[in-house]
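Student:
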Amino acid sequence: MSLVDFLQTWIIAFFTLSLFSFLYKDNPFYKFAEHIFAGLSAGYYVGLIWHSVIIQQMVDPMLQDGRWWLIFPGILGAMMFSRFSKNYGWVSRLSLAFVMGNTAGIFLLSELHGKVLPQIQSTMLSVDLKQPIGDLVLSIIIIAGVITTLIFFYFSKEHKGLLGGAARVGIWFIMISFGAHFGYTVMARISLLIGQVQFLINDWIGGTLQALL
Amino acid sequence: MILAYGLLIIAGIVLLYLAFKTGDRRYIYLAVAFYVIFPVLITLNLPAEISPEVRQLYEAVDSLPDSSVVLLTFDYYPSTLAETEPMSRAALHHLFRKNCRIFTMTTIPLGGPSIAERVTRELAGQYGKVYGVDYVNLGYKANYVAVLKGMGSSIESIYPADNTGTSLDKLPIMKDIRNYGDVDFIFAVSDNSIIDYWMSIVNAQYGIKIGTGVTAVMAPRYYAYLSSGQMTGMLGGMKGAADYEKLVGKPALAAKGMAAQSLVHLFIILSVIAGNLIFFIEKRSRRREGHR
Amino acid sequence: MKTTVPIIIAFCSGFIMIITFFLNPERGFIGRLEPEVLNWVTIVGGFTLLLGVVSIVRINYGAIKRKSENRGYKLATLIAVFAMAIPAMLPTGMSPLLGTQPGSIYDWLFNNLDAPMMSTMFAMLAFYIASAAFRAFRARNTEATLLLTTAVLVMLWRIPMGEIFLNSIHHSLPGMINTYVMSGANMAVQRGIIIGAALGAAAMSLRILLGIERTYMGK
Amino acid sequence: MNFAALTGRTFAIPALILLLILLADFADAQAVINEVTPDSASQITPAAPLFRFDRFNALAIMVIFSIVILIYTRWARAGRNLFIRKINGLDEVEEAVGRATEMGKPVLFIPGLQELDEIETIAGISILGRVARVTARYGTPLMVPVRYPMVLAAGQEVVEQAYIEAGNPDAYNKDIVRYVAGEQFAFTATVNGIMMRERPATNIYMGAFFAESLLLAETGNAAGSIQIAGTAQPAQLPFFVAACDYTLMGEELYAASAYLSREPLLLGGLKGQDWMKLLLIVLIVIGIVLISFGLGNWYVSLFTSV
Chain A
1 MSLVDFLQTW IIAFFTLSLF SFLYKDNPFY KFAEHIFAGL SAGYYVGLIW HSVIIQQMVD
61 PMLQDGRWWL IFPGILGAMM FSRFSKNYGW VSRLSLAFVM GNTAGIFLLS ELHGKVLPQI
121 QSTMLSVDLK QPIGDLVLSI IIIAGVITTL IFFYFSKEHK GLLGGAARVG IWFIMISFGA
181 HFGYTVMARI SLLIGQVQFL INDWIGGTLQ ALL
Chain B
1 MILAYGLLII AGIVLLYLAF KTGDRRYIYL AVAFYVIFPV LITLNLPAEI SPEVRQLYEA
61 VDSLPDSSVV LLTFDYYPST LAETEPMSRA ALHHLFRKNC RIFTMTTIPL GGPSIAERVT
121 RELAGQYGKV YGVDYVNLGY KANYVAVLKG MGSSIESIYP ADNTGTSLDK LPIMKDIRNY
181 GDVDFIFAVS DNSIIDYWMS IVNAQYGIKI GTGVTAVMAP RYYAYLSSGQ MTGMLGGMKG
241 AADYEKLVGK PALAAKGMAA QSLVHLFIIL SVIAGNLIFF IEKRSRRREG HR
Chain C
1 MKTTVPIIIA FCSGFIMIIT FFLNPERGFI GRLEPEVLNW VTIVGGFTLL LGVVSIVRIN
61 YGAIKRKSEN RGYKLATLIA VFAMAIPAML PTGMSPLLGT QPGSIYDWLF NNLDAPMMST
121 MFAMLAFYIA SAAFRAFRAR NTEATLLLTT AVLVMLWRIP MGEIFLNSIH HSLPGMINTY
181 VMSGANMAVQ RGIIIGAALG AAAMSLRILL GIERTYMGK
Chain D
1 MNFAALTGRT FAIPALILLL ILLADFADAQ AVINEVTPDS ASQITPAAPL FRFDRFNALA
61 IMVIFSIVIL IYTRWARAGR NLFIRKINGL DEVEEAVGRA TEMGKPVLFI PGLQELDEIE
121 TIAGISILGR VARVTARYGT PLMVPVRYPM VLAAGQEVVE QAYIEAGNPD AYNKDIVRYV
181 AGEQFAFTAT VNGIMMRERP ATNIYMGAFF AESLLLAETG NAAGSIQIAG TAQPAQLPFF
241 VAACDYTLMG EELYAASAYL SREPLLLGGL KGQDWMKLLL IVLIVIGIVL ISFGLGNWYV
301 SLFTSV
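Protein chains in written order, with the numbering used here: chain A, 1 to 213; chain B, 1 to 292; chain C, 1 to 219; chain D, 1 to 306.
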């Protein structure tokens with residue numbers, strides 16, 4: 001392990017442990033690490049946007065391919081910053097409207113065409129009694145689950161009588177789904193801890209011991 | 001070995017008892033730390049069955065013809081590296097071995113391009129692949145909805161250059177890749193709901209097969225797309241990554257992590273059961289007092 | 001002027017996307033217009049990210065100028081912003097340490113400080129999820145019991161040791177959890193939620209397109 | 001403002017321009033077809049039709065959906081009485097605030113971690129108005145930490161209004177709603193600090209929450225607070241359900257805010273979506289019946305999108 005690697009590992013370990021120290025309680029080490037972290041993340045955006053957007057998408061095409069009209073999105077982008085002014089704040093609405101409108105145009109169709117249509121189509125399952133019992137049970141679970149969930153989130157009528165019964169079944173389905181979600185997610189959270197612990201033990205402690213011996 | 005297990009179990013019970021006794025959840029934290037650290041020190045090998053949705057993805061990738069064009073996305077933040085990076089690595093092993101032409105992209109501003117560069121270059125080195133010929137990193141562009149949609153008509157209109165600024169027409173690999181029509185498969189690795197848009201925009205409107213690697217937080221939601229046939233296979237969390245590593249024959253970080261996962265999961269299950277037992281005993285004794 | 005023009009812009013920029021959805025892309029002027037518009041959107045979108053950076057700098061600078069008690073930390077934030085941003089913006093030609101390519105200062109700071117810290121922040125969640133499960137999972141009523149039972153079953157099913165245990169009860173149990181719980185009940189609920197959310201998002205989009213919804217303009 | 005007149009004026013011109021472009025486009029495409037001589041036509045693939053007729057189903061659902069939403073929004077604006085059932089969680093909110101009053105401890109309200117342009121945040125803010133009215137009436141201390149300047153402005157306005165309406169403007173001060181930190185985990189850490197120090201009797205989370213949901217709810221629980229949550233982030237709901245005393249799930253959050261504010265846009269959208277849900281259920285049931293009798297293939301294929 002070279003001296004550079006050694007220092008590097010110790011720096012990472014210092015910041016990692018500073019952040020973990022919050023588990024015990026809030027402290028200056030934690031605060032310092034957290035502020036450095038916020039600054040670095042902001043700085044990262046600057047480097048990224050500078051190269052990938054300003055240079056690659058605007059300056060280069062304008063200078064090399066003569067696509068001069070790319071100055072317009074640049075101006076629209078710059079207009080965003082008028083938000084910090086009290087009197088001219090409304091100017092930023094123009095650029096925001098351009099982006100929001102475009103996204104809305106894509107979403108209006110993609111949500112209906114790409115989500116609603118295929119999802120309801122694949123709920124149209126056969127409940128023909130001649131199919132294998134396992135498939136039939138699964139079809140019934142899916143149909144009941146989808147319809148009662150939709151009914152649970154139906155607000156135009158009081159949940160009484162038949163509707164109330166369906167909504168009650170809906171909440172049972174929802175709880176099963178949330179339980180599955182919770183059980184599944186335990187893994188996600190622990191994974192992240194394992195990653196950090198692997199670093200601390202293998203690279204930091206292991207590496208340091210190796211260097212010392 | 002038996003001694004180690006015995007120690008583990010006793011420690012767990014003691015910490016659980018302390019947690020109940022004092023009501024201080026820091027004993028639980030201590031137990032979690034203990035169970036995560038322990039398997040990192042000692043390797044435990046555990047057999048596991050491969051989930052069907054992982055096998056589906058593996059087979060979809062495996063049945064691609066030689067030198068197919070595959071888009072591999074790095075749609076994740078550094079915060080979930082432990083879960084998602086093993087997926088990207090396993091995917092790259094598989095794709096490089098099959099001589100696929102790979103191009104990568106990211107919709108994550110914070111770190112996405114840096115992670116993609118680091119991981120692809122490292123693995124390309126192992127397989128002797130050449131940048132620009134066998135693989136390329138397109139990097140990041142803002143507003144993912146427009147990026148996903150725009151690549152449908154022309155990749156070059158959204159990405160005039162790759163991540164390091166080389167113009168696309170100088171890269172041999174991109175010569176006959178114009179838009180989604182020239183892409184054979186998309187392998188999207190993500191830790192956020194961008195997967196919804198890969199399904200509702202790219203799969204629904206351009207009809208390309210998309211397999212995904214997602215964190216365990218997202219996975220339960222995406223069974224809906226698996227079931228509707230919009231998604232071709234899924235790796236769910238570290239278990240999905242470990243399964244894929246196993247199928248590719250490169251057990252690595254995820255496989256190693258599964259031992260720690262097992263221990264912490266078992267501890268949590270144990271604590272839930274113990275908690276409920278106490279809950280019921282208390283309830284019953286309270287009821288008995290009520291009768292008196 | 002301050003409202004009508006943005007509404008017209010939003011309408012046009014969105015309506016193009018709706019028309020091209022129903023047209024064949026190879027055909028005609030609008031087909032060629034679509035990628036150009038989307039390219040513009042990605043460029044403008046890039047600038048919105050910089051807004052956040054400007055706010056951070058403004059807020060921290062303001063706090064230092066006002067001599068607030070935490071100004072030491074604020075200064076650390078500002079230094080970090082510039083340490084990351086300035087070398088990244090200078091051309092690589094001057095030195096391989098500049099720019100954003102692998103091996104640059106930018107790349108080093110990201111891989112060795114920013115990324116590990118971000119991972120650590122999330123790693124803390126492992127401790128909390130354990131204590132949440134330990135404390136909150138009580139079979140208080142039908143709903144809670146369903147939640148708890150499914151969570152425990154799924155936890156067992158996801159880990160190798162648990163899978164062996166479930167197998168020993170009945171060999172088809174792991175498969176049944178996958179089919180009836182994950183791809184059955186869970187999938188159905190998620191499908192219902194996806195449909196509901198899609199309708200909500202589509203309604204929101206429609207209102208933005210028609211200029212009825214103006215909250216994004218700060219109204 | 002008259003909605004119909006505004007829409008008419010605003011959209012007549014751009015719609016006309018776009019229609020002209022479309023016509024020109026059609027002529028343009030037609031010209032290209034005419035230019036193609038028979039010889040060259042044999043070498044290139046025949047030109048695809050201008051319109052994607054296979055996407056008629058998307059057009060149909062979009063048109064139906066748009067009409068339904070617009071009609072309901074119009075009715076809501078015209079003040080027609082549109083019924084929404086009371087959301088159970090709202091009673092719980094009031095009860096929890098009442099408990100804080102009894103204990104003489106503060107109420108903590110977080111309107112989510114998103115910017116004001118997110119509909120969840122708007123819903124959170126409108127529920128905040130209701131909570132503030134109750135705390136103003138009883139003089140219970142209220143704390144509202146926020147993550148964005150725009151949310152700060154909107155929150156202060158709503159809370160001040162509530163204190164004035166409750167006839168207790170003196171109890172209002174500007175620090176009730178305060179800006180805490182912009183970074184996600186910095187915000188969470190600071191709020192966690194507040195929870196442990198001030199020990200609020202009641203924590204209310206209404207809005208968009210992400211990975212911090214569990215950090216907040218667990219800390220709040222450790223501080224011994226009663227907690228009520230509401231979010232439309234499906235991935236976070238299981239944690240709130242497990243760690244809080246009551247949770248508004250998904251669209252219930254929007255419904256709650258529409259119920260409270262009677263804001264025509266929210267109300268109209270909600271009613272329109274309800275109508276669509278009913279239609280979708282009917283469509284699904286028809287499909288199930290047809291396919292179970294082996295008659296449904298044509299019907300199911302109507303919904304094909306890929």
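For each residue, glycine too, the CB sits at the ideal point set by N, CA and C.
Just so it is clear, the structure is predicted and the values come from calculations on it, not from any experiment.
How long is the line joining the alpha carbons of D/Asp67 and B/Met105, rounded to whole angstroms?
Tutor: The question names Asp, yet the displayed sequence has Ile at residue 67 of chain D. Answer to the nearest angstrom: the Cα atoms are 39 Å apart.
Student: Any idea what DSSP makes of D/Gln227, helix, strand or coil?
Tutor: The answer is strand: DSSP assigns D/Gln227 an E or B state.
Student: Looking at chain B, which residues of the region 54 to 65 of chain A have a Cβ within less than 9 Å of any of its Cβ atoms?
Tutor: For the region 54 to 65 of chain A, which is checked against every Cβ of chain B, the residues closer than 9 Å are Ile55, Gln56, Gln57, Asp60, Pro61, Gln64, Asp65.
Student: Against B/Glu83, what residues of chain A qualify as contacts under a CB-to-CB distance less than 9 Å, listed in chain order?
Tutor: Within 9 Å Cβ-Cβ: Met187, Ala188, Ser191, Leu192, Gly195.
Student: Which one of D/Asp245, D/Phe239, D/Ala235 has the shortest CA to CA distance from D/Gly224?
Tutor: The shortest Cα separation from D/Gly224 among D/Asp245, D/Phe239, D/Ala235 belongs to D/Asp245.
Student: State whether the region 212 to 230 of chain B contacts the region 119 to 133 of chain B, with contact taken as three or more CB pairs (one from each stretch) at a distance under 8 Å.
Tutor: Not touching, per the Cβ criterion.
Student: For D/Ile204, name the three-state secondary structure that DSSP assigns.
Tutor: DSSP places D/Ile204 in strand when its eight states are reduced to three.
Student: Compile a chain-ordered list of the residues in the region 50 to 79 of chain B whose CB is closer than 8 Å to at least one CB of chain C.
Tutor: Here the close residues are Ser51, Pro52, Tyr77, Pro78, Ser79.
Student: Take D/Phe303 and list the residues in its own chain whose beta-carbon comes closer than 7 Å to its own, dropping the five residues that flank it on each side.
Tutor: Around D/Phe303: Asn57.
Student: Would you call the region 163 to 179 of chain B in contact with the region 211 to 224 of chain D, where contact means no fewer than 3 C-beta pairs closer than 8 Å?
Tutor: Cβ pair count under 8 Å is below three, so no.
Student: Would A/Leu117 and D/Ser305 qualify as a contact pair, given that the criterion is a beta-carbon distance under 8 Å?
Tutor: Yes, the pair counts as a contact, with Cβ atoms nearer than the cut-off.
Student: Over what stretch of residues does the beta strand (DSSP E) that includes B/Leu138 continue unbroken?
Tutor: Residues 135 to 140.
Student: What does the Cβ neighbour count give for D/Val63, buried or exposed, with the cut at 16 atoms within 10 Å?
Tutor: So D/Val63 ends up on the exposed side.
Student: Any beta carbon of chain B sitting closer than 8 Å to that of A/Gln8?
Tutor: Answer no: the Cβ-Cβ gap between A/Gln8 and chain B never drops below 8 Å.
Student: Return yes when the Cβ of C/Val189 is within less than 8 Å of the Cβ of C/Thr150, no when it is not.
Tutor: Contact flag unset, no.
Student: Starting from the beta carbon of B/Tyr140, find every residue of chain A whose beta carbon is closer than 8 Å, and list them in chain order.
Tutor: Simply Leu48, Ser52.
Student: Check whether the Cβ of A/Trp300 lies closer than 8 Å to any Cβ atom in chain C.
Tutor: Since the first residue shown for chain A is 1 and the last is 213, residue 300 of chain A is missing from the structure and cannot be characterised.
Student: For D/Met143, does the three-state DSSP call read helix, strand or coil?
Tutor: DSSP places D/Met143 in strand when its eight states are reduced to three.
Student: Is there a C-beta anywhere in chain C that falls below 8 Å from the one on A/Asn102?
Tutor: Yes, A/Asn102 counts as interfacial toward chain C.
Student: Cα separation between D/Met1 and D/Ile204?
Tutor: Caution is warranted here: a pLDDT of 40 is assigned to D/Met1, below 50, making its placement in the model unreliable, and the coordinate value is therefore given only provisionally. Going by the C-alpha atoms only, they are around 35 Å apart.
Student: Counting C-beta neighbours from all protein chains within 10 Å, is the total for A/Gln64 16 or more, i.e. buried, or is it exposed?
Tutor: By the 10 Å Cβ count, A/Gln64 comes out exposed.
Student: Rounded to a whole number of angstroms, what is the C-alpha to C-alpha distance between B/Lys246 and B/Gly112?
Tutor: The alpha-carbon atoms of B/Lys246 and B/Gly112 are separated by roughly 26 Å.
Student: So what's D/Val177 in DSSP terms, helix, strand or just coil?
Tutor: Of the three classes helix, strand and coil, the one that applies to D/Val177 here is strand, per DSSP.
Student: What residues of chain F sit near C/Ile194, judged by a beta carbon separation below 7 Å?
Tutor: Checking the listed chains, one finds no chain F in this structure; the protein chains it contains are A, B, C and D.
Student: Compare the C-alpha of D/Thr190 against each of A/His35, A/Leu200, A/Ser85, A/Gly145 and name the closest.
Tutor: Minimum Cα distance to D/Thr190 is reached at A/His35.
Student: How should D/Phe83 be labelled, buried or exposed, when 16 other C-beta atoms within 10 angstroms of its C-beta is the threshold for buried?
Tutor: Exposed, since its Cβ has fewer than 16 Cβ neighbours within 10 Å.
Student: I'd like to know if B/Met221 contacts chain C, where contact means its C-beta is closer than 8 Å to some C-beta of that chain.
Tutor: Reading off the sequence shown, one finds Arg at residue 221 of chain B, where the question assumed Met. So yes, B/Arg221 belongs to the interface.
Student: Where does A/Gly105 sit, in a helix, a strand or coil, going by DSSP?
Tutor: Correct three-state label for A/Gly105: helix.
Student: Tell whether a beta-carbon distance below 8 Å holds between B/Val145 and A/Thr103.
Tutor: Against a cut-off of 8 Å, the Cβ pair of A/Thr103 and B/Val145 comes out as a contact.
Student: What's the gap between the Cα of B/Asp134 and the Cα of B/Leu92?
Tutor: If you take the alpha carbons of B/Asp134 and B/Leu92, they lie about 12 Å apart.
Student: Which residues in the same chain as D/Lys86 place their Cβ atom closer than 7 Å to its Cβ, once the five residues preceding and following it in sequence are excluded?
Tutor: If we look at D/Lys86 and ignore the five residues flanking it on each side, its Cβ neighbours are Tyr259.
Student: Indicate whether at least one CB of chain C lies closer than 8 Å to the CB of B/Val264.
Tutor: It does: the Cβ of B/Val264 has a partner Cβ on chain C nearer than 8 Å.
Student: What are the boundary residues of the beta strand (DSSP E) that D/Ile110 is part of?
Tutor: Its beta strand (DSSP E) spans residues 107 to 110.
Student: C/Leu78 CB to nearest chain D CB: under 8 Å?
Tutor: Cβ-Cβ to chain D under 8 Å: no for C/Leu78.
Student: Step through the CB atoms of chain A and report whether any lies within less than 8 Å of the CB of D/Glu251.
Tutor: Interface residue, yes.
Student: Please state if the CB of B/Met231 and the CB of B/Thr215 are separated by a distance shorter than 8 Å.
Tutor: Not a contact, by the Cβ cut-off of 8 Å.
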